[in-house]
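*Asks:* Please find one structure pasted underneath; my questions will follow.
In the working numbering, the protein residues as written are 44 to 658.
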């Protein structure tokens, strides 16, 4: 089972390849699309040979991406400039946040411009190794490597290409850090205030710090596995799945793939719930504002989940993932938008209250029972774990880094910078949210209806959440779509229903290829996730469960096992035992978090009828 796939029967090998292709397509094209600074120093494959190993074309030229990404903070600044009713403190606060945000992004803009010029100059000086446009011929039958027509020494000596025949990578510590930060910060920040409220002022920040430390440490282990064998000259692993397969074998690759698929399926459910809550929050905020606070503005969540599902059915019919670049870019902008607004509103609320709420031990047993206190604390661990579950994108980001120095050394520094910045941001969001609301901290900071004014700013934040989750849903579901469709095509290659494409002309000279299996299968998938969301519309419970299911296997177990295999660490040695203790401790925490989340669902189901969730 662990041997090379070439020794397997053809039919079985095709099934494994289809699974690998689906995962690879996601991890090469998906998470990095969230980075608005993406300008990968890699050329696309020839249009006639769309290799699944080919890296995506950069989203847009940096001159288009970054100025647009700077636009939202400027809008916030201008809004507050024309609203004299806002207090001077809040005005100064939001101006400072937006200005800092803009300066950071402007810095990344100039870094990307520099990288873009280096790539253009490199690709324009080919020595016969490409096709004149920096493109290399791809092997038709091997999706694991480039089929370079020149010999190895000439490529090694080339100023334009790396040792694997791909255009020279130009990534640095700062560009890699920017990739990680923009890919990580998102919906995970919304539940951090609630998680901190369950743990208190002592355990809350401490647990956040411990998760960040574990994530950083395992990220350094993962960085050492980028190259198989020798850390400086070994064969590159382009994806997380490549690293698992090259170090642990094909059987572990399969298990890892299924863990990711289950996690992605859960993410789709969680995003459906979160988006419906945000849509309702917009309507409730406006209703509350119109009534002057006299109308509780209760409403049912089902119509909003159905609306989100209809939108996803339409977007899911986009056949090729590379057509989703604009959706993913907008999603990245939106995630920074609502995260920044949430932090700013939390700080503003603390200033307005003129006190710091909360307690050292979190929500007390006078508010909840001792048993509920335990389950809630475990669930809070899952919520924090969800915010730190991003290790599966690190190999792809490391593949953009130039050498020398070695990619592993640079990636370790980038991991330190990005996790430090992310943790500070998480600390601010979680702690200021808890300081603002204390034990009453909402499960979703922006949609818990804790803020009534400025209601228009709340609307912007909640709309940003919906837009982000529309794109994120597609990003995370694409590998599941691809896996099932490739598996069906390999099992039924002659099926008219599965493989036939119907060309439908569209205005403007373009066309759309309709596939009946894709239409039916993706529609059924969205309907299933929507129905489950309507049955279990519990945001915090789902987030905690997702964190518990994804953190240990992907962030801890596989990096630890790959590092042990890569470095050939002797069994029962001090280092081996220490790594296994770390892995087992994180497994116990994940199990506790899963138990707490499931217990939370059971408690919530006692007070809510299925398909009748009202807010």
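From the three backbone atoms N, C-alpha and C, an ideal C-beta is built for every residue, glycine too.
Could you tell me whether the segment 378-393 touches the segment 598-611, where touching means 3 or more Cβ pairs closer than 8 Å?
*Replies:* Contact fails: fewer than three Cβ-Cβ distances are below 8 Å.
*Asks:* Straight-line CA distance for residue 353 to residue 314?
*Replies:* The residue you call residue 353 lines up with position 310 of the chain shown. The residue you call residue 314 lines up with position 271 of the chain shown. Their backbone Cα atoms lie some 14 Å apart in a straight line.
*Asks:* Can you pull the DSSP bridge partners for residue 530?
*Replies:* Counted from its first residue, the chain shown places residue 530 at position 487. Its beta-bridge partners do not exist; DSSP assigns none.
*Asks:* For residue 385, which residues from the same chain have a beta carbon less than 8 Å from its beta carbon, with the 5 sequence-adjacent residues on both sides left out?
*Replies:* Looking up residue 385 in the chain shown gives position 342. Excluding residues within five positions, the ones whose Cβ falls inside 8 Å are 232, 233, 472, 476, 488, 489, 504.
*Asks:* What residue from 636, 345, 483 has the CA that sits closest to residue 570's CA?
*Replies:* On the chain shown, position 527 is the one that residue 570 refers to. Minimum Cα distance to residue 570 is reached at 345.
*Asks:* DSSP three-state call for residue 555: helix, strand or coil?
*Replies:* Translated into the one-based positions of the chain shown, residue 555 becomes position 512. Residue 555: strand per DSSP, three-state reduction.
*Asks:* Which residue or residues does DSSP assign as beta-bridge partners of residue 546?
*Replies:* Counted from its first residue, the chain shown places residue 546 at position 503. The partner list for residue 546 (beta bridge, DSSP) reads 556.
*Asks:* I need the DSSP call for residue 90, collapsed to helix, strand or coil.
*Replies:* For the purposes of this step, residue 90 is taken as residue 47 along the chain shown, with counting starting at 1. Confidence is the limiting factor: at residue 90 the pLDDT is only 35, short of 50, which leaves the residue's position unreliable and the question unanswerable from this model.
*Asks:* Taking all protein chains shown into account, decide if residue 333 is buried (16 or more other Cβ within 10 angstroms of its Cβ) or exposed.
*Replies:* Taking the chain shown and counting its residues from 1, the one referred to as residue 333 is at position 290. By the neighbour-count rule (16 or more Cβ atoms within 10 Å), residue 333 is not buried but exposed.
*Asks:* For residue 278, list the residues DSSP reports as bridge partners.
*Replies:* Stepping through the chain shown from its first residue, residue 278 is reached at position 235. The partner list for residue 278 (beta bridge, DSSP) reads 271.
*Asks:* Quick one, which of 609, 653, 323 has its alpha-carbon nearest residue 277's?
*Replies:* Stepping through the chain shown from its first residue, residue 277 is reached at position 234. Checking every option, the nearest Cα to that of residue 277 belongs to 609.
*Asks:* Which residue spans inside the segment 335-399 form an unbroken alpha helix (DSSP H) run of at least 4?
*Replies:* DSSP runs (the alpha helix (DSSP H)) wholly in the segment 335-399: 345-359, 368-396.
*Asks:* Less than 9 Å between the beta carbons of residue 614 and residue 482, yes or no?
*Replies:* Taking the first residue of the chain shown as 1, we reach residue 614 at position 571. Taking the first residue of the chain shown as 1, we reach residue 482 at position 439. Going by C-beta atoms, residue 614 is not nearer than 9 Å to residue 482.
*Asks:* For residue 519, does the count of other Cβ atoms within 10 angstroms reach 16, so buried, or fall short, so exposed?
*Replies:* On the chain shown, position 476 is the one that residue 519 refers to. The residue is buried, with at least 16 neighbouring Cβ atoms inside 10 Å.
*Asks:* Identify which residue in 446, 221, 404, 342 has its Cα closest to the Cα of residue 21.
*Replies:* Residue 21 lies beyond the residue range present for the chain, which begins at 44 and ends at 658; the question has no answer from this structure.
*Asks:* Should residue 337 be labelled buried (16 or more other beta-carbon atoms within 10 Å of its own) or exposed?
*Replies:* The residue labelled residue 337 in the question sits at position 294 within the chain shown. Per the 10 Å Cβ criterion, exposed.
*Asks:* Once the 5 residues before and after residue 281 are set aside, which same chain residues still bring their CB inside 6 Å of it?
*Replies:* As a first step, residue 281 must be located in the chain shown, where it is residue number 238. 442, listed in sequence order.
*Asks:* Does the structure place the segment 413-430 close enough to the segment 261-276 that three or more beta carbon pairs sit under 8 Å?
*Replies:* Taking 8 Å as the limit for Cβ pairs, the verdict is that the segment 413-430 does not touch the segment 261-276.
*Asks:* Looking at the unbroken alpha helix (DSSP H) that takes in residue 252, where does it start and where does it end?
*Replies:* Numbered from 1 along the chain shown, position 209 holds the residue referred to as residue 252. Its alpha helix (DSSP H) spans residues 235-266.
*Asks:* Ends of the alpha helix (DSSP H) at residue 203?
*Replies:* To locate residue 203, count along the chain shown from 1; it is residue 160. Where residue 203 is concerned, there is no enclosing alpha helix (DSSP H), given that its DSSP letter is neither H nor E.
*Asks:* Look at the alpha carbon of residue 422 and the alpha carbon of residue 430, and state the distance between them as a whole number of angstroms.
*Replies:* Here the question's residue 422 lines up with position 379 in the chain shown. Here the question's residue 430 lines up with position 387 in the chain shown. If you take the alpha carbons of residue 422 and residue 430, they lie about 13 Å apart.
*Asks:* Is the beta carbon of residue 435 sitting closer than 9 Å to the one on residue 303?
*Replies:* Within the chain shown, residue 435 is the residue found at index 392, counting from 1. Within the chain shown, residue 303 is the residue found at index 260, counting from 1. Closer than 9 Å, so yes.
*Asks:* Given a cut-off of 9 Å on the beta-carbon distance, is the pair residue 574 and residue 230 in contact?
*Replies:* To locate residue 574, count along the chain shown from 1; it is residue 531. To locate residue 230, count along the chain shown from 1; it is residue 187. Going by C-beta atoms, residue 574 is not nearer than 9 Å to residue 230.
*Asks:* Just list the residues that DSSP pairs residue 405 with in beta bridges.
*Replies:* Translated into the one-based positions of the chain shown, residue 405 becomes position 362. For residue 405, which the question treats as bridged, DSSP gives no partner whatsoever.
*Asks:* Just how far apart, CA to CA, sit residue 309 and residue 649?
*Replies:* For the purposes of this step, residue 309 is taken as residue 266 along the chain shown, with counting starting at 1. For the purposes of this step, residue 649 is taken as residue 606 along the chain shown, with counting starting at 1. Using only the alpha carbons, I get a separation of about 22 Å.
*Asks:* Would you decide whether residue 132 is buried or exposed? Buried here means 16 or more other CB atoms lie within 10 Å of its CB.
*Replies:* For the purposes of this step, residue 132 is taken as the residue at position 89 of the chain shown. For residue 132, the predicted structure reports a pLDDT of 46, less than 50, and the residue's modelled location is therefore unreliable. A value from the coordinates is still provided. By the neighbour-count rule (16 or more Cβ atoms within 10 Å), residue 132 is not buried but exposed.
*Asks:* Pairs of beta-carbons, one from the segment 240-255 and one from the segment 453-472, closer than 8 Å: are there three or more?
*Replies:* Verdict: yes, contact present.
*Asks:* Relative to the C-alpha of residue 580, which candidate in 632, 561, 612, 647 has its C-alpha closest?
*Replies:* For the purposes of this step, residue 580 is taken as the residue at position 537 of the chain shown. Comparing Cα positions, the closest option is 647.
*Asks:* With distances taken from CA atoms, which of 389, 535, 241, 533 is nearest residue 412?
*Replies:* Sequence index remark: in the chain shown, residue 412 carries index 369 (1-based). Among 389, 535, 241, 533, the Cα nearest to that of residue 412 is on 241.
*Asks:* Taking Cβ positions, are residue 224 and residue 458 nearer each other than 9 Å?
*Replies:* Against the chain shown, residue 224 aligns to sequence position 181. Against the chain shown, residue 458 aligns to sequence position 415. No; because the gap between Cβ atoms is not below 9 Å, this pair is not in contact.
*Asks:* Have a look at 597, 517, 307 and flag the residue whose alpha-carbon is nearest the alpha-carbon of residue 356.
*Replies:* Translated into positions along the chain shown, residue 356 becomes position 313. Minimum Cα distance to residue 356 is reached at 517.
*Asks:* Considering only the alpha carbon of each residue, which of 351, 340, 301, 235 lies closest to residue 318?
*Replies:* If you number the chain shown from 1, residue 318 lands on position 275. Of the candidates 351, 340, 301, 235, the one whose C-alpha sits nearest the C-alpha of residue 318 is 351.
*Asks:* Among the residues of its own chain, which have a CB less than 7 Å from the CB of residue 433, if the five just before and after it don't count?
*Replies:* Reading the chain shown from its first residue, position 390 is the one you call residue 433. Same-chain partners within the cutoff: 226, 227.
*Asks:* Residue 588 and residue 641: beta carbons closer than 9 Å?
*Replies:* As a first step, residue 588 must be located in the chain shown, where it is residue number 545. As a first step, residue 641 must be located in the chain shown, where it is residue number 598. Yes, the pair counts as a contact, with Cβ atoms nearer than the cut-off.
*Asks:* Whose CA, out of 326, 639, 561, 598, lies closest to the CA of residue 499?
*Replies:* Mapped onto the chain shown, residue 499 falls at position 456. Here the closest residue by C-alpha is 326.
*Asks:* For residue 210, write down the residues that DSSP places opposite it in a beta bridge.
*Replies:* Locating residue 210 in the chain shown gives position 167, where the first residue counts as 1. Note: residue 210 sits in a beta bridge opposite 204.
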